[in-house]
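Using numbering that gives the first Met the number 0, read the sequence shown as starting at 0 and increasing by one per residue.
Ideal Cβ positions, reconstructed from N, Cα and C, are used throughout, including at glycine.
Have a look at the structure below, then the notes.
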Amino acid sequence: MTDAAPLETASLFSSATLGPYSLPNRVLMAPMTRCRASLPGEVPTELNATYYRQRASAGLIFTEATHVSPGGLGYVAMPGIYSDAQRDGWKLVTDAVHDAGGRIFAQLYHAGRVTHPELLPDDLGPVAPSAIALKETQAHTPSGKHDIPAPHALTADEIAGVVEDFRHAAQVAKDAGFDGVQLHGANGYLIDEFLRDGTNQRTDNFGGSTEKRLRFPLQVLAALIDVWGPERVGLRVSPTGTFNEMSDSNPLENFTAIFEAVDQTGIGHLEVVGQLFDQPEPHPQQDAINAAAREKFSRTLIFNGDYTVDKAQAALVAGACDLITFGRPFLANPDLPARLQVGAALADFTDPTLLYNPMAGEKGYTEFPPMAEASA
C-alpha cells in the first residue's frame with residue numbers, strides 16, 4: 000500500500016469540459032490493454048462491463064486499445080470493434096458505464112508492425128509505412144512468444160482501405176453507445192509508425208516531410224470526424240516514447256508541426272504521453288514538447304506519463320494542461336478519484352502475471368473492492 004498526500008487545492012477534482020461534455024473531475028482513466036475479451040471473435044462480455052463500470056467515477060474513461068479490423072490485432076484476446084458481435088459486447092460496457100454516471104470513449108487502433116501472423120487471418124501479416132523489422136520485440140501468441148517478421152509496406156491503395164476500416168469502426172463505436180472516440184497515435188502502433196521518421200522512411204506522398212508523414216493520420220481523423228463530428232474525436236500521441244523500438248530524429252520539431260496541423264482539424268482533445276514505464280528518465284525535449292502542445296493546440300489538452308498526484312496538480316494549476324490521465328493506479332483502485340481526493344491509501348497491483356492474462360478472468364481485473372469495502 001502507498002499513501003497519497005491530501006491536496007491543498009481542489010483543481011484535480013474541479014469540473015471540466017471536453018467537447019460537449021461536462022466532466023465531474025479531471026482524473027481520467029488512461030487506455031490500458033487488459034486482454035479479457037472472449038474468444039473466438041475478440042468480443043467484450045459482462046466481465047468487461049463490470050471492469051469499466053467499477054471505474055465510472057473517472058472524469059472520463061478511455062477504453063483499452065481496440066483494433067479496427069482483423070488485420071489490426073496485436074495481442075491475444077484484445078477486443079475488436081468492427082463486427083456485430085463486438086458492437087453488442089461493447090453495448091454492455093457503455094450501458095454499464097452510463098448507468099453508473101460515467102462517460103466513455105473508445106480508443107481505436109491498428110497494431111501495424113507490432114503483431115504476428117499467428118494472430119491474424121491466413122492471408123495477412125504485419126503492415127507498416129516501411130518494411131522495417133522489429134529487432135528485439137516479440138509477439139505474444141497462443142503458442143508462445145515469437146520473433147516478429149518484417150512488415151509489409153502498405154501501398155497507397157491499402158492505406159485507403161485502412162482509412163475505411165477506421166471509418167467503419169467509428170460507426171460501430173457510435174452504434175455501441177460510446178460518447179466519442181480517440182485515435183491511438185502512440186506507443187509504436189500504425190498511426191505512430193507513420194508519424195515518426197524512425198519507422199516511416201517512405202519517399203511517396205506518405206513519407207519524407209512531416210506534412211507527408213501526417214497525410215495518413217489526418218485522413219483517418221477526417222474519417223472519424225465524418226462519423227462523430229470534431230468535438231467527440233481526439234488523438235493520443237507519444238512524441239518521445241521508445242516502446243516498441245520507436246524513435247524520431249527531432250521530436251520537438253516534428254510534433255510542433257503535428258500539433259499545429261491537428262488543431263486545424265477541430266478535434267476536441269489531444270493527449271500527449273510523456274515518460275513511460277520503459278523510460279527511466281524523461282526525454283530532454285519533453286518539457287518543450289508539452290509547451291508546444293499548449294501553444295499550438297487550442298482545445299482540451301491532456302497529459303499522461305507516470306503522473307503523481309502532486310505532479311498532476313502542479314501541471315493543472317500552472318495551466319500546462321487541462322486534464323490528466325492515470326493508468327496503473329486505476330488497476331487496483333477502481334474508485335481512484337475518491338481515494339485521491341481524501342488522501343486515502345492506494346492499493347498496489349502486485350501480480351504482473353495477471354495484467355494481460357486472458358485465462359485469469361476476474362482475478363487481477365474486477366476483484367478489487369472500492370475504498371469503503373477495502374477499509375472494512
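Three-state class that DSSP yields for residue i in the structure shown
i    : result
E270 : strand
A313 : helix
H97  : helix
A9   : With a pLDDT of 43 at A9, under the threshold of 50, the modelled position of this residue cannot be trusted; read the value that follows with caution. Here A9 sits in coil by DSSP.
G212 : Here residue 212 turns out to be Arg, not Gly, going by the sequence shown. Here R212 sits in helix by DSSP.
K144 : strand
H183 : strand
H115 : coil
A371 : helix
L322 : strand
A127 : strand
F302 : strand
Q85  : helix
F53  : Here residue 53 turns out to be Gln, not Phe, going by the sequence shown. Helix at Q53.
L91  : helix
D2   : Low per-residue confidence applies at D2: pLDDT is 42, beneath 50, and the placement is therefore not dependable, though the value from the model is reported in the following sentence. Reduced to three states, the DSSP call for D2 is strand.
F177 : coil
H167 : helix
Q218 : helix
G228 : coil
G79  : strand
A152 : strand
H282 : coil
A172 : helix
A138 : strand
G70  : helix
G206 : coil
L223 : helix
G160 : helix
Span of the alpha helix (DSSP H), counted from its first residue to its last, around residue i
i    : result
V261 : P250 to D262
F193 : L189 to L194
E294 : Q285 to K295
The beta strand (DSSP E) enclosing residue i, as first and last residue numbers
i    : result
R235 : V232 to V236
A105 : I103 to Y108
F61  : I60 to H66
Residue i versus the options, residue with shortest Cα-Cα distance
i    : options                   : result
T44  : I266, A95 and G71         : A95
D196 : V226, Y355, L251 and F348 : L251
V236 : V126, T255, Q218 and T352 : T255
A371 : H167, L335, K134 and V226 : L335
D87  : A343, A175, G100 and P116 : A175
F296 : T239, D98 and G233        : G233
L182 : N47, I224 and Q53         : I224
Q340 : G124, S56, N356 and P141  : S56
M31  : P78, G40 and P39          : P78
A114 : A76, G304, Q85 and A291   : With the sequence shown as reference, residue 114 is identified as Thr, and Ala is not the correct amino acid for it. The option with the nearest alpha carbon to T114 is A76.
S21  : D321, P281 and Y188       : D321
I158 : V126, A15, E135 and Q170  : V126
Y74  : I190, V219 and G143       : G143
Any C-beta of chain D under 7 Å from that of residue i
i    : result
I103 : Structure shown: chain D not included; a single protein chain is present.
Note to self: So within the segment 6-48, which uninterrupted beta strand (DSSP E) runs reach at least 3 residues, ignoring any that extend past its ends?
What the structure shows: List check, beta strand (DSSP E) in window: 15-17, 20-22 and 26-28.
Next item on the list: Kindly provide the ranges of any alpha helix (DSSP H) runs that are 4 or more residues long and lie completely inside the segment 327-368, ordered along the chain.
Entry: Under the rule that a run must span 4 or more residues, the alpha helix (DSSP H) segments found entirely inside the segment 327-368 read 328-331 and 335-341.
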